[in-house]
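Quick notes on the structure that follows.
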Amino acid sequence: MPKINKCHRCGATSYKPVIKRDESGTMMPSGEHQCVGCKLVFTDIDAWRTAPVQKEEPQVEGQKSAIGPGDRKQCNEHPG
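Its first residue numbered 25, the sequence shown is counted upward by one per residue in my numbering.
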């Protein structure tokens with residue numbers, strides 16, 4: 025079965041090389057790529073195609089989550 029060639033985040037079907045200046049100031053490919061849709065930067069094409077696996081810790085029945093309502097702090101910069 026062929027691999028699906030699209031971004032796992034936005035579904036875009038293409039990416040482009042990231043060009044950066046080297047030590048001498050010359051514009052060169054950096055070895056990274058950027059999704060043309062969501063701008064995700066990656067070095068491994070498979071990382072662009074597939075979502076990263078997130079490790080979840082099992083939660084014991086009756087156990088509280090790590091962040092509770094009393095643990096949240098009010099942001100004074102951007103009052104809601």
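Where a beta carbon is used, it is the ideal one built from N, C-alpha and C, also for glycine. Computed from a predicted model, the values in this text were never measured in an experiment.
{"query": "Which partner residues of Arg45 appear in the DSSP bridge assignment?", "result": "Met51"}
{"query": "For the region 33-44 and the region 60-78, state whether three or more C-beta atom pairs, one from each stretch, are separated by less than 8 Å.", "result": "yes"}
{"query": "Look at the alpha carbon of Val42 and the alpha carbon of Met51, and state the distance between them as a whole number of angstroms.", "result": "10 Å"}
{"query": "Given His57, which residues of its chain have a CB within under 8 Å of its CB, disregarding the five upstream and five downstream residues?", "result": "Tyr39, Lys40, Pro41, Val42, Val65, Phe66, Thr67, Ile69 and Trp72"}
{"query": "Excluding the 5 residues preceding and the 5 following Gly55 in the sequence, name in chain order all residues of the same chain whose CB lies nearer than 7 Å to its CB.", "result": "Thr67"}
{"query": "For Cys34, count the other beta carbons within 10 Å of its own beta carbon; 16 or more makes it buried, fewer makes it exposed. Which is it?", "result": "exposed"}
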